[in-house]
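A.B. asks: Dropping a structure here in structure tokens format, bear with me for questions.
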Amino acid sequence: MQKIKNIIFDMGRVLLKFDPYVSLNAYCESKEDIDLLYKELFEGPEWIMADEGKITNGQRYELVKERVPQRLYRALKLVVENWAICMEPVDGALDFYNYVKEKGYNTYVLSNACNRFYSYFPKHYELDSFEGIVVSSDVKMIKPNPAIYEYILKTYDLNPAESLFIDDVEANIRAAEALGIKGFVFKNNYGELKKVLTDDRLC
Numbered sequence: 118m119q120k121i122k123n124i125i126f127d128m129g130r131v132l133l134k135f136d137p138y139v140s141l142n143a144y145c146e147s148k149e150d151i152d153l154l155y156k157e158l159f160e161g162p163e164w165i166m167a168d169e170g171k172i173t174n175g176q177r178y179e180l181v182k183e184r185v186p187q188r189l190y191r192a193l194k195l196v197v198e199n200w201a202i203c204m205e206p207v208d209g210a211l212d213f214y215n216y217v218k219e220k221g222y223n224t225y226v227l228s229n230a231c232n233r234f235y236s237y238f239p240k241h242y243e244l245d246s247f248e249g250i251v252v253s254s255d256v257k258m259i260k261p262n263p264a265i266y267e268y269i270l271k272t273y274d275l276n277p278a279e280s281l282f283i284d285d286v287e288a289n290i291r292a293a294e295a296l297g298i299k300g301f302v303f304k305n306n307y308g309e310l311k312k313v314l315t316d317d318r319l320c
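In case it helps, our numbering puts the sequence shown at residues 118 to 320.
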């Protein structure tokens, strides 16, 4: 069995927190409004469209506002423009990232994210500290499409058997494993992940 040399991180809820209610609570006046904007913005088709690179984050507003009352236009615009205020490091993420870099692992990001990625991610992690970064909106495909995993493997010449993918969505992990990449379903458990690496349980 081959040892892990490459660690591929998902971004949202693995490296950075993602909680839509941070911005919704900041700009909405009632639970009814929060529930409506959550449904139309964060669960609407535009969220995936932006991750796929079909629209920009800014274009979300014009599309989503067609489905909400006019009284919510201002709140919607503020949430669209500022939802990333929630993007702070997950507890333990920076310590774990520094740990794996010190141990000599190669690190990568594979994230479903819109074009805003480059405005918030570098505030917390140095882009140049990663050996590679693949953002779905740049490559016009999203997890769990097998093509995006094939893309990162080919682009950075990674051996899947030497690569560990960390994601909070099980379907994304299973898609990676189908291509021979080792997977770890992350549930705010950096302590367990560190033990797994230390004990070579993924070899």
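We put the beta carbon where it would ideally sit given N, CA and C, even for glycine.
Measuring CB atoms only, is the stretch 295-315 touching the stretch 210-221, in the sense that at least three cross pairs come out at less than 8 Å?
C.D. replies: Yes: the two stretches touch, three or more of their Cβ pairs being nearer than 8 Å.
A.B. asks: Is it the case that the Cβ atoms of Y273 and E248 are separated by a distance below 8 Å?
C.D. replies: yes
A.B. asks: Note down, one range per segment and in chain order, each alpha helix (DSSP H) of at least 4 residues found wholly within the stretch 160-235.
C.D. replies: 162-168, 174-181, 190-199, 210-219, all fully within the stretch 160-235.
A.B. asks: Beta strand (DSSP E) containing T123: first to last residue?
C.D. replies: According to the sequence as given, residue 123 is Asn; it is not Thr. First-last of the beta strand (DSSP E) with N123: 123-126.
A.B. asks: Does D255 come out as helix, strand or coil in the three-state DSSP assignment?
C.D. replies: helix
A.B. asks: Helix, strand or coil for F135? Go by DSSP, reduced to three states.
C.D. replies: coil
A.B. asks: From K156 to G300, what distance separates their C-alpha atoms?
C.D. replies: 30 Å
A.B. asks: Are the beta-carbon atoms belonging to V256 and V131 less than 8 Å from one another?
C.D. replies: no
A.B. asks: Enumerate in chain order the residues of its own chain whose CB-to-CB distance from N232 is below 7 Å, with the five nearest sequence positions on each side excluded.
C.D. replies: T173, N174, S254
A.B. asks: Under 8 Å between the Cβ atoms of I298 and F282?
C.D. replies: yes
A.B. asks: Determine contact between the stretch 134-146 and the stretch 188-197, defined as no fewer than three beta-carbon pairs at a distance below 8 Å.
C.D. replies: Output reads yes: the stretch 188-197 touches the stretch 134-146.
A.B. asks: Just to confirm before moving on: does the CB-CB distance between C145 and A192 stay below 8 Å?
C.D. replies: If you check the CB distance, C145 and A192 come in under 8 Å.
A.B. asks: Using DSSP with H/G/I as helix, E/B as strand and the rest coil, what is F301?
C.D. replies: strand
A.B. asks: Which one of L189, R188, L133, L158 has the shortest CA to CA distance from R177?
C.D. replies: L158
A.B. asks: Could you compute how far the alpha carbon of I125 sits from the alpha carbon of L133?
C.D. replies: Approximately 14 Å between the Cα atoms of the pair.
A.B. asks: State the beta-bridge partners of G129 as determined by DSSP.
C.D. replies: L133
A.B. asks: Locate the alpha helix (DSSP H) running through L154, then write down its first and last residues.
C.D. replies: Looking at the DSSP string, the run of the alpha helix (DSSP H) that includes L154 is 148-154.
A.B. asks: In the DSSP output, what is D284 paired with across the bridge?
C.D. replies: V302
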